[in-house]
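For reference, the structure discussed in these notes is given below.
Protein chains in written order, with the UniProt record's numbering: chain A, 1 to 1123; chain B, 1 to 194.
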C-alpha cells in the first residue's frame, strides 16, 4: 500500500507540470506571479494588482462564470490578499463556492473561507448550512473539509448548531474523521467549555481509541482538563503511564517515528500531563517514577527532538513529588544541555535551569562559568534568557552585581517590551534586596530614566508608597527620604530635558513632600528648580500638574516667587493648570488655610477623605428638585445608547420600565463615587487617599530595615578586587573556585570571569538544600511592601477610627455587611480568650482580625486558650486519624454544628500530620475548616497554617497558629472565604509549618479545590419581586439543557435536582415554565427562567454580574449530566 | 502601537513554569476565551522569502487584519536581521518566536513562553519534510505557484495550532486521497460531452 502511495506522490508534481486541467487552472496565477516578479517598483505592483482585482470583480459578477473559473479566481484572490491587498468582494463568493461547487471547488472555497474570514465575521453565518450538509455527507473528503473549517473559524455562538453532528463523528468508522472530530471538540472546549461539558465521557473513549492518531489528539483535551482540575483525573494516571511505556517501548507503528524517535510529540504531551498529575501529590508521583526514569534513559540519541523530550522530562521530574535519584539524573541532563556547543541546546538548557533553580538553587552553582559566558554572548536572545535565570537566583548578597548586569543590558536594548519586562524585575529586586539607601535610590533612578514612560504605572506608585508609608523607625524613613531628595536635587540641577515624564512626576512629588527634611538646602533653590521645569516645552501638562501640587506643598515664606508663578499660569490654556494656579495663589497668601489644608508632618491616616462626596448632597438634591436629570455613569449611558440602536428581539422586556429600573440601580451604586475617580482634580487627593487607606490596615507590620541586614561593601564590589580573599568568602565559593581550577591557563580574562562568578553566585549554596519540598520560600524582602488594601476599602478610606457612617458610603454597604457578619467569630480580646465559643461582637471586623494575625507571636497564649479546640481521644485505637472523617465532623464547634456542611475530605498527610477539610455553608461566606491531626505519639509544636487563594478573599478566623498539639489529637482551623467574581472552579493552596523537634521546622503543602456551587445561596423572593428584578438585570445567557425525563413531571424533577445540587430557590412553577433564583453569597443575584421545549430545557439566566450566568449554567449542566 | 495590550510585567516568583488557570487570557487585547490555554502550541505560522515577501500565513488565533499586517512586518524585519550562528529563537512581546531558514525561505512561528521551543523547531522541520515529500525536493517556487496545496498540507498537519497528525504516512495519505479525487474529477469534467 505504502509503495503505491509513494509512487503516486512522486508522480504528482509531474502531473501538475504537464498540460492537464490543473495546470491550466493555475495558469492565470502563474502569469500574475510572473508579472509581479518582473516589476521593479511597489507602485507598479499596486497598479497591476488593481487591474487584476478589477478584472476579477467583473468576472465574479458575471453569470457566465463557471465554478471552475470561480475556483481559479479564488486562488488569485487569496494571493492578492496575501500580498496585502483587499479582495473582500470575493468573500461572499468563497462561501458560495464552498456551498455549490463540487468537491474540488468546495476545497478551495473552504480554504478561502478559512483564510479570509476571521472568527466572528458576520458572513460566517451563511456558511452554517453548508457545513451542516457536508458534515452529514457520506463523502469522506467533504466531511473532513467541514470538520477542518469548523475547527478553524467557528465562533462561540455558532457551535451549538454543529455540535451534535461533530459529536456523532466521534464514533465514525474512519479514524481520520474521528481524529478531526476530537480536535474540533478540543477547539470548542477552548472557546466555549460549557457547551462540551456533557461529552467528557466520550473523550475517555477517544483516549482508548485503537488508532494512535485519535488517542494522541484526545491528549490535547486532557492536558487542558487536567490543568484545570488535576484531582478529577488522577485515576487516569495509570493509563497515561502505560501509554508512555508503550510508546517508549516502540509499540507504535513505525511511521509515527520521527528520525527514529518513537512519536516524540506524543511523548512530550504525555510528560506534560504526568507532571500536572504528579504535582504536589506523592502517591500519584510514585506511579510515574519508573516511566520517567526510562524516558530519561531512552533519550540518548543526539538529535534535537530527543533534547526536546528530555527538556520536558526534566521539567516533569522537578514538578512532581521529588525523588532523589531522578533529580540527580535530571540534573546531569541539564548539564548536557548547558555545556552543548549547539546554541539552541544551550538556550533550552538555560531555560531548564531557570525552571529548576526555583527548586534547587545549587544547580546554578555547578554551571556558573557557563552562565557567565552566556551573559556575554553575542546573541541577544541568549543574554536575555540568562538574565531571566539570574533574576531567579538573586539574593541579598549578589543583588548589586545582578542588577548592574540587568541595567547594562537595558542600556543597550531598544525593544519596548523587553525594557518594560526587565525594568519591572529590576525594581522588584531593588525593593526586595536593597543593601542600603543610596543604592536603592540610585537604582530606582536608573529604572525611571531607562524605563521612562513605558513603565507600568505600578512601579512609580509602589515606589512612592514605600517612601510615604515608611516603617516603624521614623529616623530610618527620614534618612531614605532625605537621600531621595538630595539625589533628585542633583538630577534636576543637570540636564533635565531628556528625562521621562514619569521620573519628573516622581521627583516633584518627593520634593514636595520631603524637601523640608533637607535643612541645608534653600527652599528657594527647590522652588527655582521646579519652576524651571514648568518652563520646559517637553514637560507634559500632566507633569505640570504634579509640579504645581508639589509647589503648593512647599511651605510659606517664599510668597513672592510663588505669586509670580501663579499669576503667570492663571492665564494658561489648560483648565486644570489654571485651577491649580488659583489654589496655589490662595494658599500661599493665607498661611492659616495652608496649614489646615496641607498639615505638615501629619500622619497619613489622619486625612479622611469623604469619597462619597456627601457634602454635595444638598446641592444635588436641590438640583434634582429643580428638575435636573439624575446622574448616570458613563457605562450606563453607553448601554442605553446601544439599547436604543439595536433591535430588541426579547419577548420579555417591556420598553417602559427598563430605563426606570436601571436608573434606580445606579442610584444605589453611588454615582458620586464614579465622578471622583474620573475627575482630574489633581493627584494629591488620590495619592493621600491611597496611602491613607493602606496605612490603616497595616499597622503593626514591621519592616526589615535594620542594621543586621546591612551588607559589608566588599562582597558587592568583589569583581573589582584583585584577588578574591578566600577567608571572607563562604565555603561554597571556595568550592566553586576549586572546580574551575583545573582549567589549563588562568588568563586574566578567566580570572575576571571567576571573580564575577563568585560575586554572582554568592549565597546560593547556603540553606538551599532543604528547600526541595517547600519550594524555597522567598527570603524576607528588604523593604517589606505592605499588602494592598481591598478595593472597596481603598475607596472609602476605612480607618479603624473613621467609624462615621458617611465614610461607609452606599457603595460598599455590601462589603461592610459581609465583614460584619464575621464578627461573631472574632477571636476578639483577652477577655473572652478562655471562652470556648467566643461570641463577642467587636466593631471592626477584618482590620482587627489582621492585627491579631500579625501580633500572633506576642499573644499566642491567648489564641491557644481561646481559639483552638483540643480534642484528645479517650482511647487510642485508630492508627490513621484522617480516615475517621465521621469523627472529625464531631469536632465542629458547637456554634457551627447546625450549619449545612460538606463531607470531610482528606487533603494531605505526612508521617506526623494529616490534614482534612470541611466546608460549611453560611449565608454570607463559605467557611473552610481545616482539621490538623497529629498522627504521632509525640507533641508537635508551633503549627502555623497559611492559606492562599488568588481568586477569593480569605480571612483566617481562628486556630491558624497552634502552639502545641498533643499526641493523637486534632485541632481545627477556620477560614472564611468570599467570592467576588465568579469562577467555575477555584483552587486554594497553603502550607502548614510545624516543629517535631525544637529548631527543626517541617512544612507540609496542601491544596484543594472549591466550586462556585459552594458559594451559591438560595434567594428567596416572590414572583412579583422576581419579575421586577428580572427587568433590571442586564447580563443574560440562554442555553438548552438536558431535561430529566425519567419522572412524571420532568420540569419539577429537573428543577428539584438543580435545587439539590446548587441550593437554588424555586420561586414558582406554572405549566411548562419555572422560575428559580439564587445569589452569589449575599451579593449578586442570578435569576433563572426555565421553559420545557420538547425534550430540552430552555434556560435563560440573568444577573447584574457578567460572568455569573455562565458559571451557574456550567454547574447546572454538570449537575444534570451526573444524574 | 499603543493598541497592544501588553501583559503585566512578570512578578518574578509568580510566573513559574506551570501556572494556575483561571485568570483571563488576552492576546493583544482580544479576549479569546475565559480561561488561559497555556500550551496552545502556535499562535501563527508564517513563511516568507529572504526579501521579506510573505509566502504563506496561518493564524491560529483570531486577529484583525491590521494587527496581522503589523505582526508580519515585525517578524520579517526581526528574523531577517538575525546574524548567522545565533540561535533560532527570539523574544517578541511576551511570546517566543521560533524560526528556521530552508534555502531561500524562512519558516517562522510564535508560541507561548512556557512552550518547548526545540519541539516547535522540529514541528517546522516536519512540515518541511511533508512539503518535500509532496512536491519532491521542494523549493520556494513550488510554494509560490501551488500555495493552496501548501495550505492543504498544513491543514492536515496542524489544526488549531496543535499537531494533528505526527505520522508522515497518514498526512500524505489524506492529502493524496483528496488529490487523487481531484485529478479524476478533473479528467471526468474535461471529457467532451456528447
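Glycine residues also receive a C-beta, built at the ideal position from the N, C-alpha and C atoms.
All of these numbers come straight from a predicted model, not from anything done at the bench.
Beta-carbon neighbours of residue i, restricted to chain D and to distances below 9 Å
i	result
residue 75(A)	Absent from the structure: chain D. Protein chains present are A and B.
Chain-order list of residues whose beta-carbon lies under 8 Å from that of residue i (same chain, five-residue window excluded)
i	result
residue 1038(A)	1098, 1099, 1100 and 1101
residue 386(A)	350, 371, 374, 375 and 377
residue 1002(A)	910, 912, 993, 994, 995 and 996
Residue i to residue j span [Cα, whole Å]
i	j	result
residue 420(A)	residue 193(A)	34 Å
residue 66(A)	residue 141(A)	22 Å
residue 431(A)	residue 455(A)	16 Å
residue 917(A)	residue 903(A)	8 Å
residue 460(A)	residue 442(A)	14 Å
residue 1076(A)	residue 1067(A)	5 Å
residue 922(A)	residue 963(A)	28 Å
residue 304(A)	residue 355(A)	20 Å
residue 51(B)	residue 57(B)	16 Å
CB of residue i within 7 Å of CB of residue j, strictly
i	j	result
residue 160(B)	residue 42(B)	no
residue 117(B)	residue 89(B)	yes
residue 970(A)	residue 912(A)	no
residue 425(A)	residue 380(A)	no
residue 107(B)	residue 124(B)	yes
residue 440(A)	residue 503(A)	no
residue 927(A)	residue 1006(A)	no
residue 512(A)	residue 553(A)	yes
residue 110(A)	residue 98(A)	yes
residue 485(A)	residue 532(A)	no
residue 254(A)	residue 266(A)	no
Cβ neighbours of residue i in the same chain (closer than 7 Å, five flanking residues each side left out)
i	result
residue 1081(A)	924, 925, 978, 979, 1015 and 1017
residue 35(A)	48
residue 740(A)	For residue 740(A), the predicted model reports a pLDDT of 41, less than 50, meaning its position is unreliable; a value from the coordinates is still stated below. 369 and 754.
residue 563(A)	585 and 588
residue 509(A)	464, 546 and 550
residue 353(A)	334, 338, 363, 364, 367 and 389
residue 317(A)	292, 326, 327 and 330
residue 196(A)	185, 188 and 189
Chain-order list of residues whose beta-carbon lies under 6 Å from that of residue i (same chain, five-residue window excluded)
i	result
residue 284(A)	234, 237, 277 and 278
residue 1104(A)	1033 and 1084
residue 538(A)	497
residue 323(A)	289
Local Cβ density within 10 Å of residue i, reported as buried at 16 or more and exposed below that
i	result
residue 164(A)	exposed
residue 451(A)	buried
residue 269(A)	buried
residue 44(B)	buried
residue 507(A)	buried
residue 129(A)	exposed
residue 398(A)	buried
residue 1127(A)	For residue 1127(A) there is no data in the structure shown, the boundaries of chain A being 1 and 1123.
residue 1122(A)	exposed
residue 344(A)	buried
- Task: Please list the residues of the region 417 to 442 of chain A that have a C-beta atom closer than 7 Å to any C-beta atom in chain B, keeping them in chain order.
- Result: 417, 418, 420, 421, 424, 425 and 428
- Item | Residues of the region 85 to 111 of chain B whose Cβ lies closer than 8 Å to any Cβ of chain A, in chain order | 85, 86, 87, 88, 89, 90, 91, 92, 93 and 94
- Interface positions of the region 48 to 68 of chain B facing chain A (Cβ-Cβ less than 9 Å), listed along the chain: Cβ contacts with chain A come from 53, 54, 55, 56, 57, 58, 59, 60, 61, 62, 63, 64 and 65.
- For the region 525 to 542 of chain A, enumerate the residues whose C-beta is nearer than 8 Å to any C-beta of chain B, in chain order. none
- Message: Short of 7 Å Cβ to Cβ, which residues in the region 402 to 416 of chain A face chain B?
- Response: Taking 7 Å as the cut-off between beta carbons, none of the residues of the region 402 to 416 of chain A comes near chain B.
- Given a limit of 7 Å on CB to CB distance, which residues of the region 340 to 363 of chain A reach chain B? Per Cβ criterion, the list reads 343, 344, 347, 348, 355 and 358.
- Against chain B: residues of the region 289 to 308 of chain A by CB proximity under 7 Å: 304, 305, 307 and 308
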